[in-house]
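Report on the following structure.
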Amino acid sequence: MKVILAGATGAAGSQILRDLVSDPAVESITVLGRRALPSWLSSALPNNDKTTTMVVDDFLNYPADLRLKLTEHDACIWALGTSSNGMSEKAYTEVTYDYVVSAIQALEGVKNRPANKPFRFVLISGEGADPNEKSMMMFGRIKGRTERFLSELPPESRIQAHSLRPGFFYPTWKEAAGNIPSWTPTRRRIASIMGPITSGSWRLAIPVTDLSRFSIEAAKGKWGDDAMFSNYNMRKLLNEK
């Protein structure tokens, strides 16, 4: 299986990348990013020759050669995102919704895939996402809009989308927890406190290692064609398998 990964330097994406590299069923990984992988992440990966980073200057505009390359893959795990704190609705919408719409448009070539072998697009969304956009939280409205867009993709697109709604999660390996640039000391302290408090609740939290495993198996089609998986459902399914 050939997989695209967006958001590899985030708390979820960095774990997903590590696990993709270690998965023998994954033949190749194309990381989409604005620059090469940072040393804190590349040095933490198992030795491998199946990871390629493709620099995307503008996530709203994919050149023709990159579009062609993307259609050679079987799935995409979209872990690219940011906190809505301090952002305008316009800026947050661009990163959260517009980037996903642009990526789907860039994957137009996958419509030539057989109907029984759809391209799987796995979105790391979040608990609180509201596809009806009635939420008082900007996060909920825009994440929900993105989920609704993906759920309404027509069958002829040959894209089967899955939105995953994790609750609280945080990196469990030292290199990521200490070096993710977007994580402030305050955020790390909150994670160290909230992790032990919420870890036992299937509705409130999911270990990032479990979120990674669920995402990768969703990309393989293990969980069927459901459009959305809550934090509880992810933990339940993982516990059953």
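The opening position of the sequence shown corresponds to residue 1311 in my numbering, with each subsequent residue numbered one higher. Ideal placement from N, C-alpha and C gives every residue a C-beta, glycine not left out. Every value quoted in this text rests on a predicted model; they were computed, and no experiment measured them.
So, helix, strand or coil for residue i, using DSSP?
i       : result
ARG1475 : strand
ALA1487 : Residue placement at ALA1487 is flagged as unreliable, the pLDDT there being 45, under the threshold of 50; a coordinate-derived value is accordingly withheld.
ARG1423 : coil
GLY1343 : strand
VAL1432 : strand
SER1338 : strand
ASN1533 : The sequence given here places Trp at residue 1533; Asn does not occur at that position. Coil at TRP1533, not helix or strand.
ALA1322 : helix
ALA1515 : strand
SER1349 : helix
GLU1550 : helix
LEU1330 : helix
Could you tell me which of the options sits nearest to residue i, measuring between CA atoms?
i       : options                            : result
VAL1432 : GLU1550, TYR1542, LYS1532, ASN1549 : LYS1532
PRO1428 : ASN1541, ALA1316, LEU1417          : LEU1417
GLN1470 : MET1538, ARG1455, GLU1550          : MET1538
VAL1420 : VAL1405, PHE1449, CYS1386          : CYS1386
ASN1358 : LEU1376, GLU1337, ARG1377          : GLU1337
PRO1476 : SER1445, VAL1518, PHE1449          : VAL1518
THR1363 : GLU1382, ASP1384, VAL1341          : VAL1341
MET1448 : ASN1426, ASP1408, ARG1423, SER1398 : SER1398
ASP1535 : ALA1515, PRO1465, ILE1414          : PRO1465
LEU1460 : ASN1426, LEU1315, THR1406, ASN1549 : THR1406
PHE1479 : SER1522, GLY1454, LYS1444, ALA1515 : ALA1515
GLY1438 : LYS1312, TYR1542, GLY1317, ARG1328 : TYR1542
ALA1369 : LYS1360, ASP1384, TRP1388          : A small correction: the amino acid at residue 1369 is Phe; Ala does not occupy that position in the sequence shown. Here the closest residue by C-alpha is TRP1388.
GLY1436 : ARG1468, SER1473, TYR1409          : SER1473
GLN1415 : ARG1468, LYS1312, LEU1548          : ARG1468
ILE1326 : SER1522, ASP1333, PRO1334          : SER1522
GLY1343 : GLY1317, LEU1463, ALA1335, SER1349 : GLY1317
MET1311 : GLU1550, ILE1526, SER1540, ASN1549 : ILE1526
ARG1545 : PHE1524, LEU1376, ARG1458          : PHE1524
ARG1430 : GLU1462, ARG1455, LEU1548, HIS1383 : HIS1383
VAL1365 : ASN1371, ALA1346, ARG1377, LEU1378 : ALA1346
ASN1371 : GLY1320, VAL1313, ALA1413          : ALA1413
ARG1455 : SER1349, GLU1404, GLY1320          : GLU1404
LEU1378 : ILE1314, GLU1462, GLY1450          : ILE1314
Over the uninterrupted beta strand (DSSP E) stretch that includes residue i, give me the two end residues.
i       : result
MET1538 : 1538-1540
ILE1314 : 1312-1316
Mind checking which residues open and close the alpha helix (DSSP H) that includes residue i?
i       : result
GLY1450 : 1448-1461
Quiz item: Unbroken alpha helix (DSSP H) runs of length 4 or more, entirely within the region 1365-1429: which are they?
Solution: 1374-1380, 1399-1403, 1409-1416
Self-check item: Contact between the region 1349-1357 and the region 1387-1401 (3+ Cβ pairs under 8 Å)
Solution: Touching, no.
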